[in-house]
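Its first residue numbered 0, the sequence shown is counted upward by one per residue in my numbering.
All C-beta atoms in this analysis are idealised placements derived from N, C-alpha and C, irrespective of residue type, glycine included.
Since this is a predicted model, take the numbers as computed values, not measurements.
Reviewing the structure listed below.
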Amino acid sequence: MTNVHILNFNGWSFDFLSGWLHMLKYGMASFLQILLDGTIFRVVPIVFIGFFLKDKEQFGLLGILNIVWFVALTVPIGYGIGASVRIGNLLGAGNLKAARKTTAIAILYLLFLECCFVILIFSLSEPLSYLFTSIEGMRVQIEFGIRILSFCILSDIRTALRSILTVCSLHLYGTFIHFVCVLLIASPLGILVAFYVPWRAAAYYLMPSLFSIIAFFLHLLLLYFYDWRKILDKVELNVYSKDTSSTLKPTINRAFLLFRYLLLIFIGITLFVAAYLYC
Numbered sequence: 000m001t002n003v004h005i006l007n008f009n010g011w012s013f014d015f016l017s018g019w020l021h022m023l024k025y026g027m028a029s030f031l032q033i034l035l036d037g038t039i040f041r042v043v044p045i046v047f048i049g050f051f052l053k054d055k056e057q058f059g060l061l062g063i064l065n066i067v068w069f070v071a072l073t074v075p076i077g078y079g080i081g082a083s084v085r086i087g088n089l090l091g092a093g094n095l096k097a098a099r100k101t102t103a104i105a106i107l108y109l110l111f112l113e114c115c116f117v118i119l120i121f122s123l124s125e126p127l128s129y130l131f132t133s134i135e136g137m138r139v140q141i142e143f144g145i146r147i148l149s150f151c152i153l154s155d156i157r158t159a160l161r162s163i164l165t166v167c168s169l170h171l172y173g174t175f176i177h178f179v180c181v182l183l184i185a186s187p188l189g190i191l192v193a194f195y196v197p198w199r200a201a202a203y204y205l206m207p208s209l210f211s212i213i214a215f216f217l218h219l220l221l222l223y224f225y226d227w228r229k230i231l232d233k234v235e236l237n238v239y240s241k242d243t244s245s246t247l248k249p250t251i252n253r254a255f256l257l258f259r260y261l262l263l264i265f266i267g268i269t270l271f272v273a274a275y276l277y278c
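What follows is the structure, given as structure tokens:
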């Protein structure tokens, strides 16, 4: 054991909090995406099916599908975080070629992993349905819902890609794509589809998942066509700048302004759809 940590310790102070506020603001775009994912895929269907339609069977099915999805979601999120750390280290070292190669390998492996999950859950839909109930009518609905959900798991690729976009300083563009595809378009369409079909809990996930996959391919196009030299310049600016507030402030202001406008649009669309369905 050495005493380096003791020699470098100058006593307790509030200096360790310096820079944390800017770091939290820098991660605000990713935080908003996670918050909206939870709202769209968890809160909205519970409120719509449980309280608005008052369908007890579909409400129970919704809880089962959430459990299956949550288990399948943990793998791509963990892998995306690990890949982002590796890519961030390469960008910090200035190795642009290796960073692009690592990004491509991570995305290809993630696609392969998600396809394996789809095949696995689809093939185990019948055994999984017996874990929750022995009533044949309800079991058939659970089996059908799990089969639909197995294809919706492909949308988790975008969740893993979010970490890569953040470390590449492209989180603002990713947030904009996420808002438009999933929040403004997919969620109202999911409510409309779930209102007119009998398998409402499973049908709601179709539209958000479909547009999440579309958002994933848009993220891929962004990573492919964006000038990685600019990414490297942004990383160097954030790493070597003594005052990070000046470099982060314009991005933070644009992110908050974008969030306010899109949130107002989403609230308006949701109220319109709710009023239309109620009438």
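Query                                                                                                               : Result
Cβ-Cβ distance between Gln140 and Leu61 below 7 Å                                                                   : no
Cβ-based burial, Asp232 [other Cβ within 10 Å; buried from 16]                                                      : exposed
Contact under 7 Å by Cβ, Phe47 with Ile184                                                                          : no
Where Gly77 falls, given that 16 or more other Cβ within 10 Å makes a residue buried                                : exposed
Trp69 burial status per 10 Å Cβ neighbour count (16 or more: buried)                                                : Residue identity check: residue 69 is Phe in the sequence provided, not Trp. Classification of Phe69: exposed, given that the 10 Å Cβ count is below 16.
Backbone CA spacing between Leu123 and Ile63 [nearest angstrom]                                                     : 14 Å
Burial state of Gly144, where buried means 16 or more other Cβ atoms lie within 10 Å                                : buried
Cutoff 8 Å; reference Val117; Cβ partners in own chain excluding five residues on either side                       : Ser149, Phe150, Ile152, Leu153
Nonlocal neighbours in the same chain, by C-beta distance under 6 Å from Ala105, ignoring five residues either side : Ala82
Assigned exposure category for Ser133 - 16 Cβ within 10 Å defines buried                                            : exposed
Span of the alpha helix (DSSP H), counted from its first residue to its last, around Arg41                          : From DSSP, Arg41 is part of no alpha helix (DSSP H); its letter is neither H nor E.
For Thr101, the first and last residue of its enclosing alpha helix (DSSP H)                                        : 95-122
Stretch-stretch touch, CB-based, cutoff 8 Å, three pairs: the segment 170-186 with the segment 85-92                : no
Contacting residues, own chain, Cβ-Cβ under 7 Å from Arg138 (five flanking each side not counted)                   : Ser128, Tyr129, Thr132
Nearest-angstrom beta carbon gap, Leu160 and Gly79 [assumed within contact, 8 Å]                                    : 7 Å
Tyr203 burial status per 10 Å Cβ neighbour count (16 or more: buried)                                               : buried
For Arg228, the nearest candidate out of Met27, Arg41, Trp198, Ser168 (CA to CA)                                    : Ser168
Span separating the alpha-carbon of Val179 from that of Pro44                                                       : 19 Å
Alpha-carbon to alpha-carbon, Ile66 and Leu217                                                                      : 28 Å
Assigned exposure category for Phe210 - 16 Cβ within 10 Å defines buried                                            : buried
Terminal residues of the alpha helix (DSSP H) in which Tyr78 lies                                                   : 55-91
Same chain only: Cβ atoms within 8 Å of Ile176, ignoring 5 sequence neighbours per side                             : Ala214, Leu217, His218, Leu221
Sub-7 Å separation of Pro207 and Ile39 beta-carbons                                                                 : yes
Thr132 in three-state terms, based on DSSP                                                                          : coil
Three-state class that DSSP yields for Glu125 in the structure shown                                                : helix
Ile156 and Leu119 closer than 7 Å at C-beta                                                                         : no
Beta-carbon spacing of Ile147, Ala201 below 7 Å                                                                     : yes
Burial state of Lys248, where buried means 16 or more other Cβ atoms lie within 10 Å                                : Low per-residue confidence applies at Lys248: pLDDT is 46, beneath 50, and the placement is therefore not dependable enough to give any value.
For Tyr203, three-class secondary structure by DSSP                                                                 : helix
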